[in-house]
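Asker:
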Amino acid sequence: MDLFCYAFKNNKGELESPFLEYLEKYAIEKTDSEEKKRKKVKKIMNIKAHLEYLFTNNGKYDLPPIVQKYKNREIGILKIKESDKLIRIAFFTKIDKQIIFLNAFDKPKLYEKGKKQKVDKMIEKILDQVENFKLNFLKDKLYIPLNI
6 MDLFCYAFKN NKGELESPFL EYLEKYAIEK TDSEEKKRKK VKKIMNIKAH
56 LEYLFTNNGK YDLPPIVQKY KNREIGILKI KESDKLIRIA FFTKIDKQII
106 FLNAFDKPKL YEKGKKQKVD KMIEKILDQV ENFKLNFLKD KLYIPLNI
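Throughout, the working numbering is defined as the position within the sequence shown, counted from one, plus 5.
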């Protein structure tokens, strides 16, 4: 099984990957304190462990409670708890040979009163975008290989 990140060409003709762009927030900066560096490494290792779990299970969509198929879509959602938010990684599996990571986003862990509907709409909008990423991947075959 191979791991790929969906990519597209930007206006400059360069490849961009929404999933890899999401992970950039965990990059170690020169200005980061030792504590901040430690936290970033811990978070990225947690994400890596979840990706490895998905990989060892051949990208199956139904591995509760960590992975689920999202509401009648051919898209899996990998769910990772992280302090005050939940990380969601959207992917799809192509004929049990490839896992393609489409995007990742943060979901609030606890909804504030009256915000559940707003968050649900945000997630639905992201998943519509992810569905388009999937269609573009199948059409254009642009990707970046991922090694874990």
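C-beta: ideal position from N, C-alpha, C; glycine also.
In chain order, what residues of the same chain lie with their CB nearer than 8 angstroms to the CB of L91, ignoring the 5 residues before and after it?
Answerer: Looking up residue 91 in the sequence shown gives position 86. Excluding positions up to five away in sequence, the list reads K84, I85, D111, K112, P113, K114.
Asker: Counting along the chain, where does the beta strand (DSSP E) carrying I82 start and finish?
Answerer: Taking the first residue of the sequence shown as 1, we reach residue 82 at position 77. 81-87 is the span of the beta strand (DSSP E), which, as asked, contains I82.
Asker: Look at the alpha carbon of D125 and the alpha carbon of F106, and state the distance between them as a whole number of angstroms.
Answerer: For this step, residue 125 is matched to residue 120 along the sequence shown. For this step, residue 106 is matched to residue 101 along the sequence shown. When rounded, the distance between both Cα atoms is 21 angstroms.
Asker: What's the C-alpha gap between T98 and K41?
Answerer: Taking the sequence shown and counting its residues from 1, one reaches residue 98 at position 93. Taking the sequence shown and counting its residues from 1, one reaches residue 41 at position 36. Approximately 34 angstroms, taken between the alpha carbons.
Asker: Would you kindly check if the distance between the Cβ of A12 and the Cβ of Y148 is under 8 angstroms?
Answerer: On the sequence shown, residue 148 is found 143 positions in, with the first residue counted as 1. On the sequence shown, residue 12 is found 7 positions in, with the first residue counted as 1. Yes; because the gap between Cβ atoms is below 8 angstroms, this pair is in contact.
Asker: For S88, count neighbouring Cβ atoms within 10 angstroms of its own Cβ and tell me buried if that reaches 16, exposed if not.
Answerer: As a position in the sequence shown, residue 88 is number 83, starting the count at 1. By the neighbour-count rule (16 or more Cβ atoms within 10 Å), S88 is not buried but exposed.
Asker: If you reduce the DSSP assignment to three classes, tell me which class T98 lands in.
Answerer: Counting from one through the sequence shown, the residue named residue 98 turns up at place 93. T98: strand per DSSP, three-state reduction.
Asker: Can you give, in chain order, each stretch of the alpha helix (DSSP H) that sits fully within the stretch 25-69 and has at least 4 residues?
Answerer: Runs of the alpha helix (DSSP H) inside the stretch 25-69: 39-61.
Asker: Taking just the CA atoms, how far does T36 sit from V46?
Answerer: Along the sequence shown, one-based indexing puts residue 46 at 41. Along the sequence shown, one-based indexing puts residue 36 at 31. Distance between the alpha carbons of V46 and T36: 15 angstroms.
Asker: If you reduce the DSSP assignment to three classes, tell me which class L147 lands in.
Answerer: Here residue 147 refers to the residue found at position 142 when the sequence shown is read from its first residue. The answer is coil: DSSP assigns L147 none of H, G, I, E or B.
Asker: When the distance is taken between beta carbons, is I104 closer than 8 angstroms to M6?
Answerer: Taking the sequence shown and counting its residues from 1, one reaches residue 6 at position 1. Taking the sequence shown and counting its residues from 1, one reaches residue 104 at position 99. Yes, the Cβ-Cβ distance between M6 and I104 is below 8 angstroms.
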